[in-house]
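Here the structure comes first, spelled out in structure tokens, and everything after it is commentary.
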Amino acid sequence: MHFSAEMFRPLPREKKSTQEIVRPSTTYWQDAWRRLKKNPLAMAGLAFIIFLLLLATFGPMISPYSYSDQNLLNTFKGPSTKHWFGTDNLGRDVFTRVLYGARISLSIGIVASLVNFVIGVIYGGVAGYVGGKVDNVMMRIVDILYGIPFLLWVILLMVVIGPGLINIYIVLGVVYWLPMARIVRGQILSLKEQEYVLAAKTIGSSSRRILLRHLIPNTMGPIIVTMTLAIPEAIFTEAFLSFIGLGVSAPMASWGTLASEALSSLKSHPYLLFFPAAAICLTLFAFNFLGDGLRDALDPRMRK
Amino acid sequence: MQSNQTETLLQVEHLKKYFPVGKNFFGKRQVLKAVDDVSFSIARGETLGMVGESGCGKTTVGRTIIRLYNATGGKVIFRGKNIFDLNKKEIKPIRRKMQMIFQDPYASLNPRMTVGDIVGEPLDIYGLAKGRERRERVNYLLEMVGLNKEHASRFPHEFSGGQRQRIGIARALAVEPEFIVCDEPISALDVSIQAQVINMMEELQEEMGLTYLFIAHDLSMVKHISDRIAVMYLGRLVELAEGNELYNRPLHPYTQALLSAVPIPDPVIEEKRQRIILEGDVPSPLNPPGGCNFRTRCTRAVAVCGEESPELREIDGGHWVACHLI
Numbered sequence: 068m069h070f071s072a073e074m075f076r077p078l079p080r081e082k083k084s085t086q087e088i089v090r091p092s093t094t095y096w097q098d099a100w101r102r103l104k105k106n107p108l109a110m111a112g113l114a115f116i117i118f119l120l121l122l123a124t125f126g127p128m129i130s131p132y133s134y135s136d137q138n139l140l141n142t143f144k145g146p147s148t149k150h151w152f153g154t155d156n157l158g159r160d161v162f163t164r165v166l167y168g169a170r171i172s173l174s175i176g177i178v179a180s181l182v183n184f185v186i187g188v189i190y191g192g193v194a195g196y197v198g199g200k201v202d203n204v205m206m207r208i209v210d211i212l213y214g215i216p217f218l219l220w221v222i223l224l225m226v227v228i229g230p231g232l233i234n235i236y237i238v239l240g241v242v243y244w245l246p247m248a249r250i251v252r253g254q255i256l257s258l259k260e261q262e263y264v265l266a267a268k269t270i271g272s273s274s275r276r277i278l279l280r281h282l283i284p285n286t287m288g289p290i291i292v293t294m295t296l297a298i299p300e301a302i303f304t305e306a307f308l309s310f311i312g313l314g315v316s317a318p319m320a321s322w323g324t325l326a327s328e329a330l331s332s333l334k335s336h337p338y339l340l341f342f343p344a345a346a347i348c349l350t351l352f353a354f355n356f357l358g359d360g361l362r363d364a365l366d367p368r369m370r371k
Numbered sequence: 003m004q005s006n007q008t009e010t011l012l013q014v015e016h017l018k019k020y021f022p023v024g025k026n027f028f029g030k031r032q033v034l035k036a037v038d039d040v041s042f043s044i045a046r047g048e049t050l051g052m053v054g055e056s057g058c059g060k061t062t063v064g065r066t067i068i069r070l071y072n073a074t075g076g077k078v079i080f081r082g083k084n085i086f087d088l089n090k091k092e093i094k095p096i097r098r099k100m101q102m103i104f105q106d107p108y109a110s111l112n113p114r115m116t117v118g119d120i121v122g123e124p125l126d127i128y129g130l131a132k133g134r135e136r137r138e139r140v141n142y143l144l145e146m147v148g149l150n151k152e153h154a155s156r157f158p159h160e161f162s163g164g165q166r167q168r169i170g171i172a173r174a175l176a177v178e179p180e181f182i183v184c185d186e187p188i189s190a191l192d193v194s195i196q197a198q199v200i201n202m203m204e205e206l207q208e209e210m211g212l213t214y215l216f217i218a219h220d221l222s223m224v225k226h227i228s229d230r231i232a233v234m235y236l237g238r239l240v241e242l243a244e245g246n247e248l249y250n251r252p253l254h255p256y257t258q259a260l261l262s263a264v265p266i267p268d269p270v271i272e273e274k275r276q277r278i279i280l281e282g283d284v285p286s287p288l289n290p291p292g293g294c295n296f297r298t299r300c301t302r303a304v305a306v307c308g309e310e311s312p313e314l315r316e317i318d319g320g321h322w323v324a325c326h327l328i
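For the record, the sequence lines run as chains A and B.
The opening residue of the first sequence carries number 68 in our numbering; numbering runs sequentially from there.
The opening residue of the second sequence carries number 3 in our numbering; numbering runs sequentially from there.
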């Protein structure tokens, strides 16, 4: 069969029609939130963290006792309606002191995440984006810092600059951004070859703009997961330092110092160790569950 | 569609782009010659098609021209200036005039930005429009490429491949460019969508007086859209001619083989079509053969082909070919 031009007739060109999109627009974050809500452990963790935040903020205000008020006539009292968690060797209300410890632990968490976010993300972002020699030098510095065991670092620094809450912040600031810098660098390295980054270069975006508007927003998932998992580690480090006497000093109370003080009377009054230890455990569990849940919710490779 | 103007908009002279690929097993530094001594020019309003197999350096040529890569050697003269001589500040106004449409519509749009922000970003960078004016300009651009303004608040993943490619085109048009490198803009699209996008690109060219460098491997599509066609093989130009001339009278053995592979949409002629099947594979660009780099697969290769590399010579009236035998 032969086809000739006469057998065909041109169809009138229809006006450019554009399809409407009916589905409501869901952003990446809405999608992630939807997935996170399906994870009961992560939601329990999130609820506990919010509960703890509220308690740490308002608890000490409402409590009739202060963390440093001593009552020497009322020492070593077990848990009762008057003192929920009992009193310690100086007659201080343990519940108030645990709440106060929560303040310190959460502030440590906030500092750790800020350090992670500011130093870690920018350091890793610059190293990954610039690449080449700059990347080499920057990452070797990270490797050297990483090579020294974490706790050794922290203890050495604490010995040099002395104990105290502010000093704990400083120490965390020096070492806590290392894993974040590595993760961000790895992500940026793989993302910077994407065509949308080339497109941004083509339209004349500056490096700063490409990093802040294109690369880092696309790394947010791993950044948040790393941050959530770094917080419990920081809280635990503080508790550990306080426990061995390098943390906050008396009469301030952190969970670590509370546990340390409780040791001397462990056999006669075990509840003194139980409450701060339970607080540490529950908080670490909560953050870890939330972190795991966020990893599943934010990681695109887990997407169905 | 052949433009009457003959003003040269872009001139590429002896462009070379080598990539270092680290050391080989014996510790010798290796260099991948992605583009090796390529010269051509594009007139204002013209479409130059560029074809060749995967990995022959087409995309590298396109990306080097808009200076996504710095060239190893050679010049790209755009509006009278060699773009490799310009510093960061001087390149910015040039960047506005040269844009690129990317191959993969799924990778070329930032998934965390709304379509409005993607299309509006060039406006922000050059401070072309703000606030309401920016919104109107974005809507205008979206309508120009056949989308509508409701799409501005959507995210790229909500669109189909063809629609995404339209968004990429709208972004390229936002800065009112004169020259657009189209890097296989349709090869990732469904066949039914390809024609739509191509037609739109042709309309836009007419409306805005655009000049295209159209990189592709679909020969019939290239013939349809291009005024002139350049054929690349292993980092070099082997033939350059006006579209019909190239199709009717291919001179280079490689072009002949390439064209013989195009199916003809007429069963009677198609039955008689004889394919020239090339022997072997494309040699590695890490270790290209000396002399003419096509000689390892050329059926007509003679001694001289192994000795020196043929230069691109003008045979007649704008038909250029790089072969010793012609």
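Idealized CB from N, CA, C, for every residue including glycine.
Between the CA atoms of residue j and residue i - distance to the nearest angstrom
i, j, result
"B:I328", "B:C294", "13 Å"
"B:V40", "B:L130", "35 Å"
"B:I279", "B:A303", "15 Å"
"B:S228", "A:G192", "42 Å"
"A:D202", "B:T8", "47 Å"
"A:F310", "A:D136", "22 Å"
"B:G75", "B:T61", "17 Å"
"B:G333", "A:A179", "Residue 333 of chain B is absent from the structure shown; chain B starts at 3 and stops at 328."
"B:R251", "B:L260", "13 Å"
"B:G164", "A:G126", "57 Å"
"B:I93", "B:Q167", "26 Å"
"B:P107", "B:R156", "15 Å"
"A:F115", "A:C348", "12 Å"
"A:L239", "A:V292", "18 Å"
"A:D155", "A:P230", "23 Å"
"B:L125", "B:V23", "37 Å"
"A:S147", "A:L103", "38 Å"
"B:E272", "B:Q32", "45 Å"
"A:S273", "B:R69", "14 Å"
Simplified DSSP assignment, three categories, for residue i
i, result
"B:R69", "coil"
"B:F157", "coil"
"A:F354", "helix"
"B:H16", "strand"
"A:W151", "coil"
"B:F21", "strand"
"A:I117", "helix"
"A:R249", "helix"
"B:F80", "strand"
"B:I188", "coil"
"A:G240", "helix"
"B:D38", "strand"
"B:E241", "strand"
"B:G75", "strand"
"B:R230", "strand"
"A:V182", "helix"
8 Å contact criterion, which residue i and residue j should meet: CB distance rounded
i, j, result
"B:Y71", "B:K18", "Rounded, the Cβ-Cβ distance is 11 Å, inconsistent with contact."
"A:V242", "A:V221", "7 Å"
"A:F303", "A:L351", "6 Å"
"B:M52", "B:A232", "5 Å"
"B:R97", "A:G271", "4 Å"
"B:V193", "B:L221", "Between B:L221 and B:V193 the Cβ distance is about 14 Å, and since that is not below 8 Å, they are no contact."
Contacts around residue i, its chain only, beta-carbon distance under 8 Å, and the 5 residues preceding and following it disregarded
i, result
"B:M146", "A172, L175, L206"
"A:V264", "L258, I277, H281, L282"
"B:S56", "H219"
"B:T10", "S43, I44, A45, R46"
"A:F354", "G112, I116, G176, T295, L296, I298, P299, I302"
Chain-order list of residues whose beta-carbon lies under 6 Å from that of residue i (same chain, five-residue window excluded)
i, result
"A:D359", "none"
"A:F356", "L108, A109, G112"
"B:V323", "E241, L253, H254, I317"
"B:V78", "V14, I67, I85"
"B:G35", "In the sequence as presented, Gly is not what sits at residue 35 of chain B; that position holds Lys. These residues qualify, in order along the chain: Y20, G237, P287."
Residues near residue i in its chain [Cβ-Cβ closer than 7 Å; skip 5 each side]
i, result
"B:Y249", "K225, L261"
Which residues, taken in chain order from the segment 103 to 131 of chain B, show a beta carbon closer than 8 Å to some beta carbon of chain A? F104, Q105, D106, A109, S110, L111, N112, P113, R114, M115, E123, P124, I127, Y128
Looking at chain A, which residues of the segment 235 to 268 of chain B have a Cβ within less than 8 Å of any of its Cβ atoms? D268
Taking only beta carbons into account, state which residues of the segment 267 to 287 of chain A come closer than 9 Å to chain B, listed in chain order. A267, K268, T269, I270, G271, S272, S273, R276, R280, H281, P284, N285, M287
In the segment 194 to 228 of chain A, which residues sit with their C-beta less than 9 Å from some C-beta in chain B, listed in chain order? none
Chain B contacts made by the segment 241 to 268 of chain A, where a contact means CB separation under 9 Å: Q261, E262, Y263, V264, L265, A266, A267, K268
Could you please tell me which residues of the segment 176 to 187 of chain B, in chain order, have their CB closer than 8 Å to any CB of chain A? Residues A176, V177.
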